[in-house]
Amino acid sequence: MPEIAPLQIAQFGAGRIGQIHASNIAALKDARLRYVVDVNAAAAQKLAARYGAKVVSEREAFADREVGAVLIASSTDTHARLAIAAARAGKPIFCEKPIDLSLKKVDDCLAEVQKAGVPMFVGFNRRFDPSFSALKRRLDAGEVGAVEQVVITSRDPAPPPLAYLKVSGGMFRDMTIHDFDMARWLLGEEPVEVFAWGEALVDPKIAKAGDIDSAMLILRTASDKMCHINNSRRAVYGYDQRIEVFGARGLLRAENLGETTVEQFTARGTVSDRPLDFFLERYAEAYRIELASFVSALKQESEMPVGAHDGRRALVLAEAAIKSLKSGKAELIP
Amino acid sequence: MITFALFGAGRIGKMHAENLARRSDAKLLYVVDPKPEAARALAEPLGAKQATEEQAFGDPAVQAVLIASSTGSHADLSIAAAQAGKAIFCEKPVDLTLPKVEKCIAAVKKAKVPMFVGFNRRFDPSFRSLKQRLDDGAIGKVEQVIITNRDPGLPEMRFLATSGGLFLDFTIHDFDMARWLLGEEPVEVFARGAVLVDPRVKTEGNDIDTAMLMLRTASGKMCQISNTRRAVYGYDQRIEVFGSKGMLRAGNVTPTTVERSGGDGTCGDNPWPNFQTRYAAAYAAELSSFINSVERRKPSEVPPEDSRRVLLLCEAAQKSAITGKPIRVPKN
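Same order as they appear, the protein sequences are chains A and B. Take any residue in the first sequence, count from 1 to its spot, add 24: that is its number in our numbering. Take any residue in the second sequence, count from 1 to its spot, add 556: that is its number in our numbering.
Okay, here's the thing in structure tokens:
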């Protein structure tokens with residue numbers, strides 16, 4: 025049997041998340057990092073050199089017919105523009121979340137992608153975490169009957185720099201967006217209403233920057249399934265990522281992961297490891313699996329497991345939550 | 557030694573009677589119940605006597621009353637006890653309506669008798685330890701409280717119809733826990749209720765069986781509550797408090813710690829199946845607190861004002877679930 029040529033990937037962005045994706049591409053047999061594009065030439069060069077790729081311009085990357093897919097891991101404000109350019113060049117797209125912070129730009133992007141008929145994958149990495157995906161699979165297999173309540177705990181270890189917060193689009197678009205995606209995925213039904221409270225309890229500078237750092241939300245679907253989300257930008261004990269799904273016939277839970285399972289018993293009590301800290305560590309497997317899923321879906325010409333529509337719906341929920349935060353009322357989701 | 561008259565020979569009354577009987581610092585003198593036979597059956601094996609309300613209140617040998625009768629009689633009995641000068645232990649809730657609770661508070665105040673309301677969960681050893689550590693500053697300032705409260709199975713439909721509804725009958729415990737753990741009065745409530753367990757809950761009980769709520773205090777502390785009337789794996793009772801310097805959690809308690817590991821995974825015990833078993837220690841400890849406060853003339857750990865505040869939260873939640881809007885909780 026002839027060997028199938030590996031998928032040639034052009035990657036945009038050589039920053040923190042770009043480095044993760046590049047190393048995951050390198051680990052795949054059926055994919056190869058061909059190009060690295062970044063406004064920071066030195067960063068692009070360093071990353072490309074590590075994996076035997078070339079640094080090129082945007083134009084060159086899109087023009088090369090050998091490029092079978094693009095991976096967009098550049099800064100958020102460039103995602104939609106690059107995705108549109110990729111669509112026009114007929115390239116399948118892996119895009120980091122969010123597609124954009126503005127719904128208008130997301131819609132423009134989706135229209136171009138649809139017109140071009142290229143597959144698009146949005147990087148909601150948590151769906152590929154081995155524990156969360158096993159939970160979802162068992163949920164779908166009917167282990168706990170019909171879903172009734174979903175509880176999502178999502179707390180960051182420490183707030184990001186203020187400069188980042190100012191361009192992040194706010195906590196709901198930047199952080200809770202992952203939970204909105206998990207909520208849709210686990211509820212198995214679109215939420216029709218969101219109610220949100222947010223506060224700046226961690227740092228008054230965050231309030232000054234016009235953002236919040238603590239939040240609680242309730243989502244509800246048409247058939248009255250409900251979801252609780254709680255968020256904080258600062259959990260001193262680490263990156264707190266837990267899921268609980270309550271159903272008619274039981275409960276499924278996925279707890280935090282520590283680096284090891286070692287427990288220390290002393291006169292002062294029993295101590296185990298902190299949860300893995302931060303997302304690059306906690307979701308290392310998830311990043312690896314999501315990329316493999318993208319490549320595999322392309323090769324098999326099957327539907328993308330997380331599509332552009334999912335990216336759009338999560339943003340719609342974030343916008344409704346922001347509206348609720350301002351109005352103090354429950355908001356219907358368009 | 558504190559002498560008691562018990563009102564109510566039902567399920568809860570029986571449990572309290574047995575807890576009294578185990579104590580060396582308490583003595584049960586009378587059991588009062590609309591069914592004298594039931595009162596006698598409970599009283600005699602414990603060395604007490606069946607009595608009427610008048611006999612119990614009229615006997616100067618009775619120092620305290622324990623009210624564990626049906627909810628509708630709690631306030632009237634408490635008022636009568638206050639007027640007779642007896643110390644009062646009253647099962648929650650004092651009443652389902654605000655005017656009656658306030659009438660009761662006024663009567664107790666006027667008579668200067670101690671009154672304790674049986675919010676048992678505060679006396680659960682784990683929850684109490686959690687609260688103690690919280691107050692000791694173990695996790696800094698409270699920011700988020702998460703309360704999971706799920707009953708193992710639906711009560712009878714005819715009970716639901718007279719219970720006052722899920723929030724008044726069931727979530728009332730969570731409202732008390734929320735106030736206690738937040739350390740600050742909630743100023744706003746948002747509640748969403750649904751009928752997911754059994755359609756008869758709506759058609760026959762005019763109630764809901766599933767709910768999610770959020771409470772908020774003036775300083776921005778928040779609390780989430782999840783409720784259901786049917787958790788097939790048992791009585792699910794958990795608390796999580798998140799603070800500026802960490803988190804405190806109290807998980808479910810199981811009858812044993814045995815785990816079986818096999819080819820199909822590892823399996824441990826389910827949580828205790830119901831409130832009698834789960835909170836057995838709490839029921840005993842709340843009685844200790846009451847007796848201790850009466851003997852040493854210390855203030856009641858759960859005064860009736862707490863029951864009033866909790867009722868205000870219940871009413872706000874009901875209004876919120878009906879209107880779909882967050883509801884402000886009255887300040888006073």
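In this text, a Cβ means the ideal position worked out from N, Cα and C, and glycines have one as well.
- Listed in chain order, the beta strand (DSSP E) runs fully inside the region 149-219 of chain A are 171-179, counting runs of at least 3 residues.
- In the three-state reduction of the DSSP assignment, residue 55 of chain A falls in the strand class, which pools E and B.
- By DSSP's assignment, residue 119 of chain A forms a beta bridge with A:96, A:146.
- For residue 118 of chain A, none of the residues of chain B pass the 9 Å Cβ criterion, the least Cβ distance being about 35 Å.
- Cβ-Cβ distances below 7 Å link residue 571 of chain B to 832, 839 in the same chain, with the five nearest sequence neighbours on each side left out; the list follows chain order.
- Residue 354 of chain A reaches chain B at 746, 748, 880, 881, 882, counting residues in chain order whose Cβ is nearer than 9 Å.
- Ranked by how close their Cα comes to the Cα of residue 238 of chain A, the residues A:196, A:208, A:115, A:38 have A:196 in first place.
- Listed along chain A are 221, each with a C-beta nearer than 7 Å to that of residue 772 of chain B.
- The C-alpha of residue 787 of chain B is placed about 7 Å away from the C-alpha of residue 272 of chain A.
- For the region 695-717 of chain B, the set of residues with a beta-carbon nearer than 9 Å to any beta-carbon of chain A comprises 695, 696, 697, 699, 700, 702, 704, 706, in chain order.
- For residue 823 of chain B, the pairing in a beta bridge is given by DSSP as B:816.
- Excluding residues up to 5 positions away in sequence, 209, 210 lie with their Cβ nearer than 7 Å to the Cβ of residue 160 of chain A in the same chain.
- As DSSP reads the structure, residue 560 of chain B sits in a beta bridge with B:584, B:620.
- One alpha carbon belongs to residue 726 of chain B, the other to residue 289 of chain A, and they sit about 38 Å apart.
- For the region 774-785 of chain B, residues whose beta-carbon sits nearer than 7 Å to a beta-carbon of chain A comprise 776, 778, 780, 782, 784.
- Between residue 742 of chain B and residue 869 of chain B, the gap from beta carbon to beta carbon is short of 8 Å.
- Inter-segment contact for the region 794-814 of chain B and the region 759-773 of chain B is absent: fewer than three beta-carbon pairs are separated by less than 8 Å.
- Cα atoms of residue 689 of chain B and residue 671 of chain B: separation of roughly 27 Å, rounded to the nearest angstrom.
- When the alpha-carbon of residue 156 of chain A is set against those of A:100, A:46, A:269, A:253, the nearest one is in A:269.
- For residue 84 of chain A, no chain B residue has a Cβ inside 8 Å of its Cβ, as the nearest lies near 49 Å away.
- In the structure shown, residue 708 of chain B falls within a coil segment according to DSSP collapsed to helix, strand and coil.
- In this chain, residue 744 of chain B is not harboured by any alpha helix (DSSP H); it is covered by the beta strand (DSSP E) spanning 742-750.
- The C-alpha of residue 349 of chain A lies about 10 Å from the C-alpha of residue 343 of chain A.
- Under the Cβ distance rule, residue 752 of chain B counts among the residues neighbouring chain A, one pair being separated by less than 8 Å.
- Residues of chain B with a Cβ closer than 9 Å to the Cβ of residue 244 of chain A are, in chain order, 748, 750, 768.
- When the beta-carbon positions are compared, residue 558 of chain B and residue 847 of chain B come within less than 8 Å of each other.
- In this structure, residue 145 of chain A sits away from residue 109 of chain A, with a CB-CB distance that is not shorter than 8 Å.
- Within the model, the alpha-carbon separation for residue 857 of chain B versus residue 665 of chain B is close to 15 Å.
- Interface with chain A (8 Å Cβ-Cβ cutoff): residue 887 of chain B is excluded.
- About 4 Å separates the beta carbons of residue 746 of chain B and residue 882 of chain B, which is inside the 8 Å limit, making them a contact pair.
- Contact holds between the region 607-626 of chain B and the region 643-653 of chain B, because three or more Cβ pairs, one in each stretch, are under 8 Å apart.
- A contact is defined here as three or more CB-CB pairs under 8 Å, and the region 67-84 of chain A fails this definition with respect to the region 121-136 of chain A.
- The three-state reading of DSSP puts residue 262 of chain A in coil, since its state is none of H, G, I, E or B.
- Chain B has no Cβ within less than 8 Å of the Cβ of residue 280 of chain A.
- Contact annotation, residue 628 of chain B with residue 589 of chain B: C-beta distance approximately 14 Å; criterion of less than 8 Å not satisfied.
- If you ignore the 5 residues before and after residue 225 of chain A, its C-beta comes within less than 7 Å of the C-beta of 237, 238, all in its own chain and listed in chain order.
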